[in-house]
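Read the structure below first, then the notes.
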Amino acid sequence: MIKVGIIGVGTVGTSVVNILKDNQEIISARAGTKIEVKSGVVRDLSKKRDLGILLSDNVNDVLDDPEIDIVVELMGGVEDAFGVVKHALKNKKAVVTANKALLAYHRYELQELAGDLAFEYEASVAGGIPIINALRDGLSANHIESIMGIMNGTCNYMLTKMSAEGVSYDAILKEAQELGYAEADPTFDVGGFDAAHKLLILASIAYGIDAKPEDILIEGIQNISQEDINFAKEFGYRIKLLGIAKKDANQVELRVHASLIDEDEMIAKIDGVMNGISVVGDKVGETLYYGAGAGGNATASAVIANIIDIARSGKSKPMLGFDKPLEGGLKLKSIDEIVSKYYLRINVSDKAGVLSKITTIFANHNISIETILQRPSRDASANLLISTHTAVEKDIQNMIQNIEELDFVNSKPVMIRIV
Numbered sequence: 034m035i036k037v038g039i040i041g042v043g044t045v046g047t048s049v050v051n052i053l054k055d056n057q058e059i060i061s062a063r064a065g066t067k068i069e070v071k072s073g074v075v076r077d078l079s080k081k082r083d084l085g086i087l088l089s090d091n092v093n094d095v096l097d098d099p100e101i102d103i104v105v106e107l108m109g110g111v112e113d114a115f116g117v118v119k120h121a122l123k124n125k126k127a128v129v130t131a132n133k134a135l136l137a138y139h140r141y142e143l144q145e146l147a148g149d150l151a152f153e154y155e156a157s158v159a160g161g162i163p164i165i166n167a168l169r170d171g172l173s174a175n176h177i178e179s180i181m182g183i184m185n186g187t188c189n190y191m192l193t194k195m196s197a198e199g200v201s202y203d204a205i206l207k208e209a210q211e212l213g214y215a216e217a218d219p220t221f222d223v224g225g226f227d228a229a230h231k232l233l234i235l236a237s238i239a240y241g242i243d244a245k246p247e248d249i250l251i252e253g254i255q256n257i258s259q260e261d262i263n264f265a266k267e268f269g270y271r272i273k274l275l276g277i278a279k280k281d282a283n284q285v286e287l288r289v290h291a292s293l294i295d296e297d298e299m300i301a302k303i304d305g306v307m308n309g310i311s312v313v314g315d316k317v318g319e320t321l322y323y324g325a326g327a328g329g330n331a332t333a334s335a336v337i338a339n340i341i342d343i344a345r346s347g348k349s350k351p352m353l354g355f356d357k358p359l360e361g362g363l364k365l366k367s368i369d370e371i372v373s374k375y376y377l378r379i380n381v382s383d384k385a386g387v388l389s390k391i392t393t394i395f396a397n398h399n400i401s402i403e404t405i406l407q408r409p410s411r412d413a414s415a416n417l418l419i420s421t422h423t424a425v426e427k428d429i430q431n432m433i434q435n436i437e438e439l440d441f442v443n444s445k446p447v448m449i450r451i452v
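This note's numbering puts the first residue of the sequence shown at 34, with every later residue one more than the last.
The following block contains the structure:
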């Protein structure tokens, strides 16, 4: 029998306990042994729970229990969770975690600490979608050329509703909060940080690259308006928050931002709270992974899959997919060197000569305009909606700074990259 201890018996932890009971027969058959949750740790012991396991508010009751074989870390956060996981590994216990923030900052340290101990984390990216094992095992014969994914269900739900129903960002954010899709402080989701943590984990498996959130381009969806949604529809695009990893020679670019993507692309069709990740390998071509990216049962399903893997063999596999470093290694591409097409919304005073001055600034920064529309706005202003041909990030940013300083420009231009 395998005995499990859960640190953080919240929504996901409760689902882990219940699924192990409900599907005990098939799980035992697949694992080759019975799996049982012996105990769990919660913040508030006074809260009523009917789970049939021992509960404590002291993590050491799980970490130091000699009968516990596998510690499941579901407490969230970074440094406190890091301390808990280190303690578990020091006590020679296998670890399963769903904690993307922990891995975004400490995955390489944890790989070294784990050594030959099993350390699994399928649930840390895209909930119930088995993307970790797909990259680490199923696609291990391939050089990964790119990863592009919708990795945050909150943002995808909001953008889907904005496109389908014409509602404003503020209105749909309030609705997402009321439905429990967004937190009271939604910054972690709508600011792109949640997706960035997940992208960094995938990039380590695909490319062996050690980067932190502060090293990469992270933008959210807070500035998206119905003007942008309408432009996208008119020109055959959908707007999605994407996590993108792309190999270019010996460099890898990592970025999270709102993107205009061709409406005929499969990933553009993923709506609502669902997640989808496209992976392109040099031999297999494109593969697409779709499913529920969050929720108690979906995430718990991935946690239990890891527990079953450990129960089957008890052995470790390379945590981040490489038994030895890649020769020569890959380096993180500078944000300034990213190349893309771009869309800009510029709110200007509606008077003669403005458009000519704007287009001159584009030309002065070596940026070629592909399309341009002028839409009347309120208070004698207009929105210029402009898409470009391929340009360099540094040039775009310098140009935006110059445009923002013009006396007839009413606010900071909004920019969305075109994928």
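Think of the CB as a built atom: it goes at the ideal place given N, C-alpha and C, for glycine as much as any other residue.
> Would residue 111 pass as a contact of residue 130 if the rule is Cβ separation under 8 Å?
Replying inline: Numbered from 1 along the sequence shown, position 78 holds the residue referred to as residue 111. Numbered from 1 along the sequence shown, position 97 holds the residue referred to as residue 130. No, Cβ-Cβ distance for residue 111 and residue 130 is not below 8 Å.
>> Among 126, 278 and 184, whose alpha-carbon lies nearest the alpha-carbon of residue 95?
In response: Position 62 of the sequence shown, counted from the first residue, corresponds to residue 95. Of the listed residues, the one whose Cα sits closest to residue 95 is 126.
> For the alpha helix (DSSP H) that residue 60 lies in, which residues bound it at each end?
Replying inline: The residue you call residue 60 lines up with position 27 of the sequence shown. Taken as a continuous stretch (DSSP letters only), the alpha helix (DSSP H) holding residue 60 covers 57-64.
>> Can you tell me whether residue 193 is buried or exposed? The criterion is at least 16 other CB atoms within 10 Å of its CB, across all chains shown.
In response: By one-based count along the sequence shown, residue 193 stands at place 160. So residue 193 ends up on the buried side.
> Using the C-alpha atoms, what's the distance from residue 359 back to residue 248?
Replying inline: The residue given as residue 248 occupies position 215 in the sequence shown. The residue given as residue 359 occupies position 326 in the sequence shown. If I take the Cα positions, the gap works out to 21 Å.
>> When you compare the segment 100-108 with the segment 34-42, are there three or more beta-carbon pairs, one atom per stretch, that lie closer than 8 Å?
In response: yes
> With distances taken from CA atoms, which of 183, 174 and 285 is nearest residue 322?
Replying inline: Stepping through the sequence shown from its first residue, residue 322 is reached at position 289. Of 183, 174 and 285, the residue nearest in Cα terms is 183.
> Start and end of the beta strand (DSSP E) containing residue 317?
Replying inline: The residue given as residue 317 occupies position 284 in the sequence shown. Note, residue 317: premise wrong, no beta strand (DSSP E); not H, not E.
> In chain order, which continuous runs of the alpha helix (DSSP H) of length 4 or greater are located wholly inside the segment 223-271?
Replying inline: 226-240 and 259-267
> Hey, how far is the Cα of residue 252 from the Cα of residue 289?
Replying inline: As a working mapping, residue 252 is identified with position 219 in the sequence shown. As a working mapping, residue 289 is identified with position 256 in the sequence shown. Between residue 252 and residue 289, the C-alpha separation is close to 6 Å.
> Nearest-angstrom Cα distance between residue 406 and residue 352?
Replying inline: Within the sequence shown, numbered from 1, the residue matching residue 406 stands at position 373. Within the sequence shown, numbered from 1, the residue matching residue 352 stands at position 319. In a straight line, the C-alpha of residue 406 is about 50 Å away from that of residue 352.
> Any chance the segment 320-336 sits against the segment 49-69, with 3 or more Cβ pairs inside 8 Å?
Replying inline: yes
> My guess is that residue 324 and residue 162 are in contact by the Cβ rule of under 8 Å, so how many angstroms apart are they, rounded?
Replying inline: Within the sequence shown, numbered from 1, the residue matching residue 324 stands at position 291. Within the sequence shown, numbered from 1, the residue matching residue 162 stands at position 129. Contact holds; Cβ gap of about 4 Å.
> What is the rounded straight-line gap between the Cα of residue 241 and the Cα of residue 159?
Replying inline: Here residue 241 refers to the residue found at position 208 when the sequence shown is read from its first residue. Here residue 159 refers to the residue found at position 126 when the sequence shown is read from its first residue. Approximately 20 Å between the Cα atoms of the pair.
> Roughly how many angstroms separate the alpha carbons of residue 292 and residue 365, rounded to a whole number?
Replying inline: Reading the sequence shown from its first residue, position 259 is the one you call residue 292. Reading the sequence shown from its first residue, position 332 is the one you call residue 365. The straight-line gap from Cα to Cα measures roughly 21 Å.
> Do three or more CB pairs link the segment 371-391 to the segment 297-317 at distances below 8 Å?
Replying inline: no
>> Can you list, in chain order, the residues of its chain with a C-beta nearer than 7 Å to that of residue 431? Leave out the 5 residues immediately preceding and following it.
In response: Within the sequence shown, numbered from 1, the residue matching residue 431 stands at position 398. Hits under 7 Å: 398.
> For the alpha helix (DSSP H) that contains residue 393, what are its first and last residues?
Replying inline: Within the sequence shown, the letter at position 360 stands for residue 393. Start and end: 387-397.
> Count the other CB atoms within 10 Å of the CB of residue 212; is the residue buried (16 or more) or exposed (fewer)?
Replying inline: Translated into positions along the sequence shown, residue 212 becomes position 179. When all chains shown are included, residue 212 counts as exposed.
> Given residue 201, which residues of its chain have a CB within under 7 Å of its CB, disregarding the five upstream and five downstream residues?
Replying inline: As a first step, residue 201 must be located in the sequence shown, where it is residue number 168. Cβ neighbours of residue 201 beyond the five flanking positions: 259.
>> Looking at residue 103: is its Cβ nearer than 8 Å to the Cβ of residue 169?
In response: Residue 103 sits at position 70 when you count from the first residue of the sequence shown. Residue 169 sits at position 136 when you count from the first residue of the sequence shown. No, the Cβ-Cβ distance between residue 103 and residue 169 is not below 8 Å.
> Does the Cβ of residue 373 have 16 or more other Cβ atoms within 10 Å, making it buried, or fewer, making it exposed?
Replying inline: Position 340 of the sequence shown, counted from the start, is the residue given in the question as residue 373. Buried, since its Cβ has 16 or more Cβ neighbours within 10 Å.
> What first and last residue would you give for the alpha helix (DSSP H) that runs through residue 162?
Replying inline: Position 129 of the sequence shown, counted from the start, is the residue given in the question as residue 162. Careful: residue 162 lies outside any alpha helix (DSSP H) and carries neither H nor E.
> Taking the runs of the alpha helix (DSSP H) that are 4 residues or longer, which of them lie wholly in the segment 94-164?
Replying inline: 112-123 and 133-147
>> Between which residues of its own chain and residue 377 is the CB-CB distance below 6 Å, once the five residues before and five after are set aside?
In response: As a first step, residue 377 must be located in the sequence shown, where it is residue number 344. Excluding positions up to five away in sequence, the list reads 419, 446 and 448.
> Where does residue 181 land, buried or exposed, given buried means 16+ other C-beta within 10 angstroms?
Replying inline: Here the question's residue 181 lines up with position 148 in the sequence shown. By the 10 Å Cβ count, residue 181 comes out buried.
> In this structure, does DSSP put residue 372 in helix, strand or coil?
Replying inline: By 1-based counting over the sequence shown, the position of residue 372 is 339. Three-state result, residue 372: strand.
> residue 404 by DSSP, collapsed to three states: which one?
Replying inline: The sequence position of residue 404 within the sequence shown is 371, counting from 1. Looking at residue 404 - three-state DSSP - the assignment turns out to be strand.
> What did DSSP end up calling residue 449 once you bin it into helix, strand or coil?
Replying inline: Translated into positions along the sequence shown, residue 449 becomes position 416. Residue 449: strand per DSSP, three-state reduction.
> Could you give the C-beta distance for residue 421 and residue 444, rounded to a whole number, given that I count them as a contact under 8 Å?
Replying inline: Position 388 of the sequence shown, counting from 1, holds the residue named residue 421. Position 411 of the sequence shown, counting from 1, holds the residue named residue 444. At roughly 20 Å, the Cβ-Cβ gap does not stay under 8 Å, so residue 421 and residue 444 are not in contact.
>> Rounding to the nearest angstrom, what Cα-Cα distance links residue 274 and residue 265 in this structure?
In response: Reading the sequence shown from its first residue, position 241 is the one you call residue 274. Reading the sequence shown from its first residue, position 232 is the one you call residue 265. Cα to Cα, the separation comes out at about 14 Å.
>> Quick check: what's the CA-CA separation for residue 221 versus residue 244?
In response: In the sequence shown, the residue the question calls residue 221 occupies position 188. In the sequence shown, the residue the question calls residue 244 occupies position 211. Approximately 19 Å, taken between the alpha carbons.
>> Which same chain residues end up closer than 7 Å to residue 283 when comparing Cβ atoms and leaving out the 5 residues on each side of it in sequence?
In response: Numbered from its first residue, the sequence shown carries residue 283 at position 250. Around residue 283: 361, 363 and 364.
> Which stretch, first to last residue, makes up the alpha helix (DSSP H) that contains residue 292?
Replying inline: Start at 1 with the first residue of the sequence shown, and residue 292 comes out as number 259. Residue 292 -> not in any alpha helix (DSSP H); beta strand (DSSP E) instead, spanning 284-295.
>> Give me, in chain order, the residues of the same chain whose beta-carbon lies closer than 8 Å to that of residue 147; leave out the 5 immediate sequence neighbours on both sides.
In response: Position 114 of the sequence shown, counting from 1, holds the residue named residue 147. Result list for residue 147: 122, 128, 349 and 352, in chain order.
> Which of the three DSSP states, helix, strand or coil, is assigned to residue 281?
Replying inline: Numbered from its first residue, the sequence shown carries residue 281 at position 248. DSSP places residue 281 in strand when its eight states are reduced to three.
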